[in-house]
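In the numbering used here, the protein residues as written are 127 to 435.
Below: one structure, written as structure tokens.
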């Protein structure tokens, strides 16, 4: 029935979407100020990690090489969405063209895939350094693979989603361009698209997560064999920050994408999506720096004064 209506032209092809916080008109200024401060904090905190890992010779190790890559990714990740959100809040102009929506969504998905694989690479690095200490020359290759592995698949998925026809309503109750709220607007059977989303999520979330889990099984096994309590404490401290980031990222991503489209709850999922688009990049400098003695000492050496007490 629906296919017949579409073939007869009884639908409106949407070329412009409207997204944002229209239901909170009295909080636009507050939200702008909050997101602006968060954006500055993310740029400053992650930028600081990149600077000190490049300038301090003590931190010229694979672990901090990947941490610098992760901080660079977080800056790129949040810069895909937050500047547009800030512009919408400041100008109250919430419309976005089909092409702009597709572009932002594609970059967002590619960088999400990069984060999943980079977290897996960081877990492998910890496994190598703890369980089988050696110097290996694969850092750049692993980082490049993590950055570029998701591009072909996510471009294909973006094209597939935007091959759907979208009906009269162009109101997207979301604050950035993502797949779940867009599929809700399609006037076509989206079962195939939902299956593809599940498959891609398994490929770029579950597989890296299983690799991370396997690495940490080996790490824990090695830690339990250590005779030094101080050594065990140091290893647990180093791995704890990474596990925190992994738990937040994979937990929210799996909640958002691995479930039936019918269970999609806009209000709740807008809150959940804040975690993996804004909160994780904001927490990165805190998780990996404030409890890391090496990073604190590097900041003092690089900047020549006691910044962190």
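Note that beta-carbon positions come from the ideal geometry of N, C-alpha and C, so glycine has one too.
TODO: Flag residue 202 as yes when its Cβ comes closer than 8 Å to any non-hydrogen atom of the ligand SAH, and as no otherwise.
DONE: Although the ligand SAH was asked about, the structure shown includes no ligands whatsoever.
TODO: Tell whether a beta-carbon distance below 9 Å holds between residue 322 and residue 267.
DONE: no
Task: Check whether residue 234 and residue 207 have beta carbons under 9 Å apart - done: yes
Task: Separation of residue 216 from residue 135, as counted between CA atoms - done: Because residue 135 sits at a pLDDT of 46, beneath the cut-off of 50, its placement in the model cannot be relied upon, and the following sentence gives the value as read from the coordinates. If I take the Cα positions, the gap works out to 38 Å.
Task: Neighbourhood of residue 180 by C-beta, 7 Å cutoff - its chain only, sequence neighbours within 5 removed - done: Counting only residues of its own chain and dropping the five nearest sequence neighbours on each side, residue 180 has a CB closer than 7 Å to the CB of 194.
TODO: Give the secondary structure of residue 341 by DSSP, where H, G and I count as helix, E and B as strand, and everything else as coil.
DONE: In this structure, residue 341 counts as helix in the three-state DSSP scheme.
Task: Presumed contact (8 Å Cβ cut-off) between residue 331 and residue 368, rounded CB distance - done: Going by Cβ atoms, the distance from residue 331 to residue 368 rounds to 16 Å, so no, they are not a contact pair.
Task: For residue 297: DSSP bridge partner residues - done: 144
Open item on the list: Please report the distance separating the alpha-carbon of residue 171 from that of residue 411.
Closed with: Whole-angstrom Cα-Cα distance: 5 Å.
Task: Same chain, Cβ closer than 8 Å to residue 407, neighbours up to 5 away in sequence not counted - done: Once the five neighbours on either side are set aside, the close Cβ partners of residue 407 are 168, 172, 200, 201, 203 and 204.
Open item on the list: Given this structure, state the Cα-to-Cα distance separating residue 211 from residue 302, to the nearest angstrom.
Closed with: 7 Å
Task: 7 Å CB neighbourhood of residue 176 in its chain, flanking five on each side removed - done: Residues 194, 197 and 198 of the same chain have their beta carbon placed closer than 7 Å to that of residue 176, with the five preceding and five following residues left out of the count.
Open item on the list: Counting C-beta neighbours from all protein chains within 10 Å, is the total for residue 145 16 or more, i.e. buried, or is it exposed?
Closed with: The residue in question, residue 145, is buried, as its Cβ has 16 or more Cβ neighbours within 10 Å.
- [ ] Note down the Cα distance separating residue 164 from residue 339, rounded to an integer number of angstroms.
- [x] In this model, residue 164 and residue 339 are separated by some 31 Å (Cα to Cα).
Task: Cβ neighbours of residue 133 in the same chain (closer than 6 Å, five flanking residues each side left out) - done: In this prediction, residue 133 has a pLDDT of 45, which is less than 50 and means its spatial position is unreliable; what the coordinates show is noted afterwards. The answer is none, since no qualifying residue turns up.
- [ ] Report buried or exposed for residue 308, applying the criterion of at least 16 other Cβ atoms within 10 angstroms of its Cβ.
- [x] buried
Open item on the list: For residue 222, list the residues DSSP reports as bridge partners.
Closed with: 143
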